[in-house]
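As structure tokens, the structure follows; a few thoughts come after it.
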Amino acid sequence: MYAKSSKQKLLEGHPNKAIIKQQAEIKNIPTKPKKLSGRASRFWGKYVPLLIEKGLATDLDSPKLEQMAVYWDLWQSCIEQIDRQQLGTPTATRLLNSANKAFDNFRRIAQMFGMSPLARNALTITDAKLEADEFFKC
């Protein structure tokens, strides 16, 4: 037995006539932390509204969203500093290691919110499988 999709629940209704909440009705949206500044703040302003619009982010996600914005800022800062260094020096190597760690952390969090092609594809495959299962159930 599989869980019903949101679309199927809306079509069939609830057995005791309770109202089914849609994701678009969620009002607990994350608010931008005041301590975010510069690039991290711009990242939040650009991408978090898109995640909210898709129903992928609520106020419970605020700490992860903040981390993602900070890791983005850290990665970009490291890249800028690497550009000013001579490659092969110990400083450039440390900056490159820091940039790699920051991007890896950013990527892991971004995947949680479907912000990579692979993550979006996994969501699409799951939805398509449910629709196929519903079709063959008849």
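Taking the working numbering, the leading residue of the sequence shown gets 1, the next gets one more, and so forth. No residue lacks a Cβ here, since even glycine has one placed at the ideal position from N, Cα and C. Keep in mind the model is a prediction, meaning the values are calculated, not measured.
In whole angstroms, what is the alpha-carbon distance linking Asp-83 and Tyr-47?
26 angstroms
Helix, strand or coil: which one does DSSP assign to Gln-67?
helix
Have a look at Lys-35 and Leu-65 and give me their C-alpha separation to the nearest angstrom.
Straight-line Cα distance between these residues: approximately 13 angstroms.
For Leu-50, count neighbouring Cβ atoms within 10 angstroms of its own Cβ and tell me buried if that reaches 16, exposed if not.
exposed
Pull up the CB-CB distance for Phe-43 and Trp-75, whole angstroms please, since I reckon it's below 8 angstroms.
About 10 angstroms separates the two Cβ atoms, so there is no contact after all.
Asn-87 classed as buried or exposed, judged by whether at least 16 other C-beta atoms fall within 10 angstroms:
One detail in the question is off: residue 87 reads as Leu in this sequence, not Asn. With fewer than 16 other Cβ atoms within 10 Å, it is exposed.
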